[in-house]
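Novice: The structure's right below; bear with me while I get my questions together.
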Amino acid sequence: MLITPTRSIDINRACSSRPANKPMQYLTERIFLKKFPSSLMEYWVALLVSVGLFLNAPGAVYSGPPFPCDPSSGQSSFPFCSTSLAIGARVKDLIGRLTLQEKVQQLVNTASNVSRLGIPKYEWWSEALHGVSNVGPGTRFGGTIPAATSFPTVILTAASFNTTLWEAIGRVVSTEARAMYNVGLAGLTYWSPNVNIFRDPRWGRGQETPGEDPVVVGKYASNYVRGLQETDAADPNRLKVAACCKHYTAYDVDKWNGVQRYTFDALVTKQDLEDTFNPPFKSCVLDGKVASVMCSYNKVNGVPTCADKKLLSGIVRGDWHLNGYIVSDCDSVDVLYNQQHYTATPEDAAADTIKAGLDLNCGSFLGKHTEAAVKAGKLEESLVDQALVNTFSTLMRLGWFDGDPTKQPYGNLGPKDVCTEEHQELALDAARQGIVLLKNNGALPLAANKIKSLAVMGPNAKVTKVMIGNYEGIPCKYTSPLDGLSKYVQTLFAPGCSNVACTGNDLLAGAVETASKGDATVLIVGGDLTLEAEGLDRVSLLLPGQQQQLVSQVATASKGPVVLVIMSGGPFDISFAKDNDKIAGILWVGYPGQAGGAAIADVIFGQYNPGGRLPVTWYPQEFVKVPMTDMNMRPNAARGYPGRTYRFYTGKTVYMFGDGLSYTNFEHKLVHAPKLVSLPIGGKHACFHGKSNSSCEAVRVTHTKCQNLVMEVHVDVKNIGPRDGSHVLFLFSTPPSNHHAPKKQLLQFRKVQVRAGTKNRVHFNVDVCKDLSIVDKTGTRKLPVGSHLLHIGNLQHSVSLRITS
Numbered sequence: 001m002l003i004t005p006t007r008s009i010d011i012n013r014a015c016s017s018r019p020a021n022k023p024m025q026y027l028t029e030r031i032f033l034k035k036f037p038s039s040l041m042e043y044w045v046a047l048l049v050s051v052g053l054f055l056n057a058p059g060a061v062y063s064g065p066p067f068p069c070d071p072s073s074g075q076s077s078f079p080f081c082s083t084s085l086a087i088g089a090r091v092k093d094l095i096g097r098l099t100l101q102e103k104v105q106q107l108v109n110t111a112s113n114v115s116r117l118g119i120p121k122y123e124w125w126s127e128a129l130h131g132v133s134n135v136g137p138g139t140r141f142g143g144t145i146p147a148a149t150s151f152p153t154v155i156l157t158a159a160s161f162n163t164t165l166w167e168a169i170g171r172v173v174s175t176e177a178r179a180m181y182n183v184g185l186a187g188l189t190y191w192s193p194n195v196n197i198f199r200d201p202r203w204g205r206g207q208e209t210p211g212e213d214p215v216v217v218g219k220y221a222s223n224y225v226r227g228l229q230e231t232d233a234a235d236p237n238r239l240k241v242a243a244c245c246k247h248y249t250a251y252d253v254d255k256w257n258g259v260q261r262y263t264f265d266a267l268v269t270k271q272d273l274e275d276t277f278n279p280p281f282k283s284c285v286l287d288g289k290v291a292s293v294m295c296s297y298n299k300v301n302g303v304p305t306c307a308d309k310k311l312l313s314g315i316v317r318g319d320w321h322l323n324g325y326i327v328s329d330c331d332s333v334d335v336l337y338n339q340q341h342y343t344a345t346p347e348d349a350a351a352d353t354i355k356a357g358l359d360l361n362c363g364s365f366l367g368k369h370t371e372a373a374v375k376a377g378k379l380e381e382s383l384v385d386q387a388l389v390n391t392f393s394t395l396m397r398l399g400w401f402d403g404d405p406t407k408q409p410y411g412n413l414g415p416k417d418v419c420t421e422e423h424q425e426l427a428l429d430a431a432r433q434g435i436v437l438l439k440n441n442g443a444l445p446l447a448a449n450k451i452k453s454l455a456v457m458g459p460n461a462k463v464t465k466v467m468i469g470n471y472e473g474i475p476c477k478y479t480s481p482l483d484g485l486s487k488y489v490q491t492l493f494a495p496g497c498s499n500v501a502c503t504g505n506d507l508l509a510g511a512v513e514t515a516s517k518g519d520a521t522v523l524i525v526g527g528d529l530t531l532e533a534e535g536l537d538r539v540s541l542l543l544p545g546q547q548q549q550l551v552s553q554v555a556t557a558s559k560g561p562v563v564l565v566i567m568s569g570g571p572f573d574i575s576f577a578k579d580n581d582k583i584a585g586i587l588w589v590g591y592p593g594q595a596g597g598a599a600i601a602d603v604i605f606g607q608y609n610p611g612g613r614l615p616v617t618w619y620p621q622e623f624v625k626v627p628m629t630d631m632n633m634r635p636n637a638a639r640g641y642p643g644r645t646y647r648f649y650t651g652k653t654v655y656m657f658g659d660g661l662s663y664t665n666f667e668h669k670l671v672h673a674p675k676l677v678s679l680p681i682g683g684k685h686a687c688f689h690g691k692s693n694s695s696c697e698a699v700r701v702t703h704t705k706c707q708n709l710v711m712e713v714h715v716d717v718k719n720i721g722p723r724d725g726s727h728v729l730f731l732f733s734t735p736p737s738n739h740h741a742p743k744k745q746l747l748q749f750r751k752v753q754v755r756a757g758t759k760n761r762v763h764f765n766v767d768v769c770k771d772l773s774i775v776d777k778t779g780t781r782k783l784p785v786g787s788h789l790l791h792i793g794n795l796q797h798s799v800s801l802r803i804t805s
């Protein structure tokens with residue numbers, strides 16, 4: 001059932017829609033225009049409240065969002081309020097009216113009001129990782145909007161490999177965010193998404209990310225950001241809401257083996273920084289046009305990221321031309337002074353971060369110490385002004401200085417636009433699209449008409465809140481896995497374990513007995529936020545506690561097929577289940593959001609044909625011997641280091657990146673791909689004249705003329721099975737083996753829907769400069785000359801890259 005707001009009339013709420021400083025207008029609308037409540041008593045309450053407000057009665061509070069440039073305040077005639085002026089001119093006028101003390105109080109997330117200019121305080125910190133969240137002070141639920149649509153955590157949404165879905169979710173989230181802003185429950189700036197690489201399977205925040213591949217993470221970043229930010233008019237000078245890509249950069253150790261994120265120094269090679277850690281942020285800025293980038297807590301090669309001028313001013317602002325602001329992770333400026341002891345004084349910390357390119361401090365540090373830094377000559381006031389240019393310009397693009405929000409685009413959005421049937425259906429569809437079928441011996445999908453009773457068990461069988469993971473909000477409603485399955489067949493429930501820790505075996509016997517009675521068994525196990533979360537990394541890749549014992553004994557006792565469902569953000573070593581013939585099927589369902597239980601049931605009973613693919617490698621338990629703190633992506637045989645992610649990892653896997661089955665089968669046919677691609681370079685280049693053969697194994701991209709050089713690859717995907725289904729087609733390449741290139745890297749991917757017995761032709765346009773390049777030890781992008789082996793499904797095709805004048 002959809003949660004809808006209850007309506008009760010009391011004196012505190014009767015004035016909730018009164019416009020600020022407009023008591024006569026309110027009274028007129030409510031009485032003379034006959035917009036009064038339905039009962040006579042409610043009418044008199046509203047009348048008395050209106051009169052009280054008109055007389056400035058004590059305790060009368062306007063609950064709507066205050067806004068600058070309010071015509072009724074008499075302070076809307078400033079040039080910065082004029083929408084006919086360019087944003088740059090408006091911002092310059094605004095900054096020119098501020099004192100230094102007022103300026104520095106705008107450098108923190110809770111920006112102070114400037115009453116003499118009619119500017120209210122603004123809270124920058126809101127979150128929208130997979131739905132509007134109440135994490136952070138900028139957003140809250142209650143009153144007319146008690147909940148918002150809660151989508152799956154990002155790792156499961158990424159498993160859909162559906163870029164259209166990613167953008168559609170962003171559009172829904174921004175619509176609900178604007179609706180909440182219009183009634184005073186939210187801001188306009190959202191510090192999402194998280195586009196860090198899921199480098200290590202133990203990372204507690206991996207669930208927030210789109211996975212381990214930089215191409216996929218970059219595509220997710222740009223599409224989700226476009227969904228959040230783009231207005232209906234697609235005006236680059238306007239934002240629906242402002243997104244933020246975080247945490248820049250090489251951030252993926254929270255708390256592991258005594259090492260914690262606040263003081264961790266990530267030692268990263270130039271090669272790994274350029275080809276693994278930074279590409280998602282680059283895509284977010286250049287392709288997604290994101291309005292903000294957040295620097296992380298950790299150091300990179302000895303320098304705190306929020307004080308690294310090369311990373312911030314040099315790369316984000318300089319190379320990528322960020323149109324927006326750079327914000328610190330919360331209290332990270334305080335951390336670099338008080339915990340990392342990077343500077344001698346707090347004024348130095350304020351000066352160093354602003355000089356590096358930081359515009360906004362989540363926390364209060366810059367508000368406390370920047371003024372002193374300026375007065376001590378450690379920081380020029382003009383740099384403070386430049387920081388405010390970046391933040392105020394963002395607020396201008398959001399329309400915050402344009403007067404009454406209800407008279408702007410999206411001003412008509414409100415409670416009716418949150419938790420709509422359409423939005424909730426999208427949350428269900430996102431969960432279904434992401435679910436990955438890892439094993440099926442033919443028993444799946446289960447036939448509901450052949451099952452009299454279904455045994456359901458496991459610590460995650462009845463969960464609700466667990467399904468929405470972290471950085472969550474309050475969902476419109478929940479459908480637990482047990483509820484979802486119960487809609488198809490009669491169920492017999494036994495938990496087996498009281499929680500995911502599964503430390504005792506008191507409930508095991510009951511689960512075994514229940515399994516023996518059911519015609520089929522569904523076991524729902526895995527993790528939750530007590531195992532993997534922000535500030536909490538895992539120490540093992542095995543199922544926690546006695547979950548493995550539960551699964552094995554139930555599988556032995558079950559008289560029918562057993563389906564194992566893994567609910568988690570990160571991967572587990574479930575080799576025991578993969579190799580157990582009694583376990584007919586295995587599903588990974590991430591943390592599937594508010595509709596997770598319905599999505600799981602729809603897949604198990606064949607209402608939906610699964611098409612998700614793993615966005616991360618599933619490693620064996622022995623991988624825990626590798627220190628989380630070793631940031632190297634590439635293997636090192638001399639020290640027994642296996643490397644990380646499918647691109648470099650040389651060890652055994654439980655499941656591989658991209659794995660996933662369907663209830664139908666697909667075959668591929670390569671229709672068109674070149675065998676030779678000519679790489680034009682300048683006629684005077686040494687390689688062309690054969691003067692430097694050793695250095696010509698790979699040519700600098702900047703030395704070529706490969707811009708706009710496109711290689712076309714056409715593939716037919718045929719559904720040769722009995723059901724319609726979706727299929728993710730990956731185009732990988734194995735480049736020539738020089739400069740420690742990846743053993744395999746993803747160039748592009750497409751998700752296609754193919755009806756049974758038909759085929760779809762998929763067209764890849766491969767950007768030779770971008771897609772076929774690799775990175776050398778100096779961090780320089782190069783194009784390897786020679787044979788590039790393309791992998792398309794089970795097909796391989798060799799393309800030779802040759803230098804020409």
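In UniProt numbering, the protein residues as written are 1 to 805.
Even for Gly, the Cβ is constructed at its ideal location relative to N, Cα and C.
Quantities reported herein were computed from a predicted structural model and do not represent experimental measurements.
1) Verify whether the separation of the beta carbon atoms of Glu167 and Asn223 is less than 7 angstroms.
2) Ordered along the chain, which non-local residues of its own chain (more than five positions away) have a Cβ less than 6 angstroms from that of Gly187?
3) Would the stretch 128-137 and the stretch 150-158 be scored as touching if the rule is three or more Cβ pairs under 8 angstroms?
4) Ignore the nearest five residues each way along the sequence and tell me which others in Met656's own chain have a CB closer than 8 angstroms to its CB.
5) Check each candidate in Tyr471, Leu485, Ser486 and Met467 and name the one with the smallest Cα separation from Lys477.
6) If you check the beta carbons only, do Phe730 and Gly658 fall under 7 angstroms apart?
7) Just curious, the beta strand (DSSP E) that Cys769 is in, first and last residue?
8) Ignore the nearest five residues each way along the sequence and tell me which others in Ala698's own chain have a CB closer than 8 angstroms to its CB.
9) For Trp166, which three-state DSSP category applies?
10) From what residue to what residue does the beta strand (DSSP E) around Met467 run?
11) Using only the alpha-carbon positions, how far apart do Ile566 and Lys416 sit?
12) Taking the beta strand (DSSP E) that Val225 belongs to, which residues open and close that run?
13) Could you give the DSSP three-state label for His740: helix, strand or coil?
14) Taking only the alpha-carbon atoms, compute the straight-line gap between Gly518 and Phe198 and give it to the nearest angstrom.
15) Entirely within the stretch 762-801 and at least 3 residues each: give me those beta strand (DSSP E) ranges in chain order.
16) Whether or not the stretch 567-586 and the stretch 201-208 are in contact is what I'm after, with contact meaning three or more pairs of Cβ atoms, one per stretch, closer than 8 angstroms; do they touch?
17) Would you tell me roughly how many angstroms separate the C-alpha atoms of Asp402 and Ala233, rounded to the nearest one?
18) Around the C-beta of Ile524, are 16 or more other C-beta atoms found within 10 angstroms, so that it is buried, or is it exposed?
19) Using a Cβ-Cβ cutoff of less than 8 angstroms, which residues in the same chain neighbour Gln796 once the five nearest sequence positions on both sides are dropped?
20) Grab me the residues of Pro346's own chain with a C-beta within less than 6 angstroms of its C-beta, minus the 5 sequence neighbours each way, in chain order.
21) Between Pro445, Glu421 and Asn390, which lies nearest to Val290 when the distance is taken from Cα to Cα?
22) If you check the beta carbons only, do Gly434 and Ser726 fall under 7 angstroms apart?
23) Excluding five sequence neighbours on each side, which residues of the same chain lie with their C-beta closer than 7 angstroms to the C-beta of Asn499?
24) Counting beta carbon pairs with one atom in the stretch 527-536 and one in the stretch 479-490, are three or more of them shorter than 8 angstroms?
25) Got a sec? Which residues, its chain only, sit under 7 angstroms from Val108 by beta carbon, not counting five neighbours each side?
26) Starting from the N-terminal side, write out each stretch of the alpha helix (DSSP H) that is 4 residues or longer and does not extend beyond the stretch 642-675.
27) Under a Cβ-count criterion, where at least 16 other Cβ atoms within 10 Å of its own Cβ denotes burial, should Pro674 be classed as buried or exposed?
28) Just curious, the alpha helix (DSSP H) that Leu729 is in, first and last residue?
29) Buried or exposed, going by whether 16 or more other CB atoms sit within 10 Å of the CB of Thr664?
30) Determine the extent of the alpha helix (DSSP H) in which Cys284 is found, giving its start and end residues.
31) For Phe749, does the three-state DSSP call read helix, strand or coil?
32) Just the Cα atoms here: how many angstroms apart are Asn470 and Asn162?
33) Leaving out the 5 sequence neighbours to the left and right, which residues in its chain are closer than 6 angstroms to Gly170 when beta-carbon positions are compared?
34) Might you give, ordered along the chain, the residues of its own chain that have their beta carbon closer than 6 angstroms to the beta carbon of Pro409, omitting 5 neighbours on each side?
35) By the DSSP assignment, the beta strand (DSSP E) with Ala455 in it spans what residues?
36) At which residues does the beta strand (DSSP E) containing Thr394 begin and terminate?
Specialist: In brief:
1) Along the sequence shown, one-based indexing puts residue 167 at 167. Along the sequence shown, one-based indexing puts residue 223 at 223. Their beta carbons are under 7 angstroms apart, which means Glu167 touches Asn223 by this criterion.
2) Along the sequence shown, read from residue 1 onward, the residue named residue 187 stands at position 187. Glu123, Ser126 and Gly138.
3) Enough Cβ pairs lie closer than 8 angstroms, so yes.
4) Within the sequence shown, the letter at position 656 stands for residue 656. Excluding residues within five positions, the ones whose Cβ falls inside 8 angstroms are Leu614, Thr617, Trp618 and Tyr646.
5) Locating residue 477 in the sequence shown gives position 477, where the first residue counts as 1. Residue Met467 is the option with its Cα nearest to Lys477.
6) Within the sequence shown, numbered from 1, the residue matching residue 730 stands at position 730. Within the sequence shown, numbered from 1, the residue matching residue 658 stands at position 658. Yes. Within cutoff.
7) Residue numbering aside, residue 769 sits at position 769 when the sequence shown is read from its first letter. Not the beta strand (DSSP E): Cys769 falls in the alpha helix (DSSP H), residues Val768 to Asp771.
8) Residue mapping note: residue 698 aligns to position 698 of the sequence shown, counting from 1. Hits under 8 angstroms: Pro736, Asn738, His739, Ile774, Asp776, Lys782, Leu783, Pro784 and Val785.
9) To locate residue 166, count along the sequence shown from 1; it is residue 166. If DSSP states are grouped into helix, strand and coil, Trp166 belongs with the helices.
10) Start at 1 with the first residue of the sequence shown, and residue 467 comes out as number 467. Note, Met467: premise wrong, no beta strand (DSSP E); not H, not E.
11) Taking the sequence shown and counting its residues from 1, the one referred to as residue 566 is at position 566. Taking the sequence shown and counting its residues from 1, the one referred to as residue 416 is at position 416. Answer to the nearest angstrom: the Cα atoms are 35 angstroms apart.
12) Locating residue 225 in the sequence shown gives position 225, where the first residue counts as 1. Premise fails: Val225 lies in the alpha helix (DSSP H), Pro214 to Gln229, not in any beta strand (DSSP E).
13) Here residue 740 refers to the residue found at position 740 of the sequence shown. In this structure, His740 counts as coil in the three-state DSSP scheme.
14) Sequence index remark: in the sequence shown, residue 518 carries index 518 (1-based). Sequence index remark: in the sequence shown, residue 198 carries index 198 (1-based). Taking the straight line from one Cα to the other gives about 39 angstroms.
15) Correct list: 781-784 and 786-792.
16) The stretch 201-208 vs the stretch 567-586: in contact.
17) Indexing the sequence shown from 1 puts residue 402 at position 402. Indexing the sequence shown from 1 puts residue 233 at position 233. Spanning the two alpha carbons is a distance of roughly 17 angstroms.
18) Indexing the sequence shown from 1 puts residue 524 at position 524. So Ile524 counts as buried.
19) Within the sequence shown, the letter at position 796 stands for residue 796. If we look at Gln796 and ignore the five residues flanking it on each side, its Cβ neighbours are Leu789 and Leu790.
20) For the purposes of this step, residue 346 is identified with residue 346 of the sequence shown, where counting begins at 1. So the qualifying residues of the chain are Tyr337 and His369.
21) By 1-based counting over the sequence shown, the position of residue 290 is 290. The shortest Cα separation from Val290 among Pro445, Glu421 and Asn390 belongs to Asn390.
22) The sequence position of residue 434 within the sequence shown is 434, counting from 1. The sequence position of residue 726 within the sequence shown is 726, counting from 1. Between Gly434 and Ser726, the C-beta spacing is not below 7 angstroms.
23) Residue mapping note: residue 499 aligns to position 499 of the sequence shown, counting from 1. Counting only Cβ-Cβ distances below 7 angstroms, and skipping sequence neighbours, we find Pro459.
24) The stretch 479-490 and the stretch 527-536 do not touch, with fewer than 3 CB-CB distances between them shorter than 8 angstroms.
25) Along the sequence shown, read from residue 1 onward, the residue named residue 108 stands at position 108. Only Asn361, Gly363, Ser364, Leu366 and Gly367 meet the Cβ criterion.
26) Listed in chain order, the complete alpha helix (DSSP H) runs (minimum 4 residues) inside the stretch 642-675 are 645-648.
27) The sequence position of residue 674 within the sequence shown is 674, counting from 1. Exposed, by the Cβ-count rule.
28) Counting from one through the sequence shown, the residue named residue 729 turns up at place 729. Taken as a continuous stretch (DSSP letters only), Leu729 belongs to no alpha helix (DSSP H), being part of the beta strand (DSSP E) at Gly725 to Thr734.
29) If you number the sequence shown from 1, residue 664 lands on position 664. It is buried - the Cβ of Thr664 has at least 16 other Cβ atoms within 10 Å.
30) As a position in the sequence shown, residue 284 is number 284, starting the count at 1. Element bounds for Cys284: Pro279 to Leu286.
31) To locate residue 749, count along the sequence shown from 1; it is residue 749. Phe749: strand per DSSP, three-state reduction.
32) For the purposes of this step, residue 470 is identified with residue 470 of the sequence shown, where counting begins at 1. For the purposes of this step, residue 162 is identified with residue 162 of the sequence shown, where counting begins at 1. Our two residues, Asn470 and Asn162, have alpha carbons roughly 22 angstroms apart in a direct line.
33) Taking the first residue of the sequence shown as 1, we reach residue 170 at position 170. For Gly170, where only same-chain residues beyond five positions count, the Cβ hits under 6 angstroms are Tyr224, Gly227 and Leu228.
34) Position 409 of the sequence shown, counting from 1, holds the residue named residue 409. Counting only Cβ-Cβ distances below 6 angstroms, and skipping sequence neighbours, we find nothing.
35) Mapped onto the sequence shown, residue 455 falls at position 455. Element bounds for Ala455: Leu454 to Met457.
36) In the sequence shown, the residue the question calls residue 394 occupies position 394. Premise fails: Thr394 lies in the alpha helix (DSSP H), Glu381 to Arg397, not in any beta strand (DSSP E).
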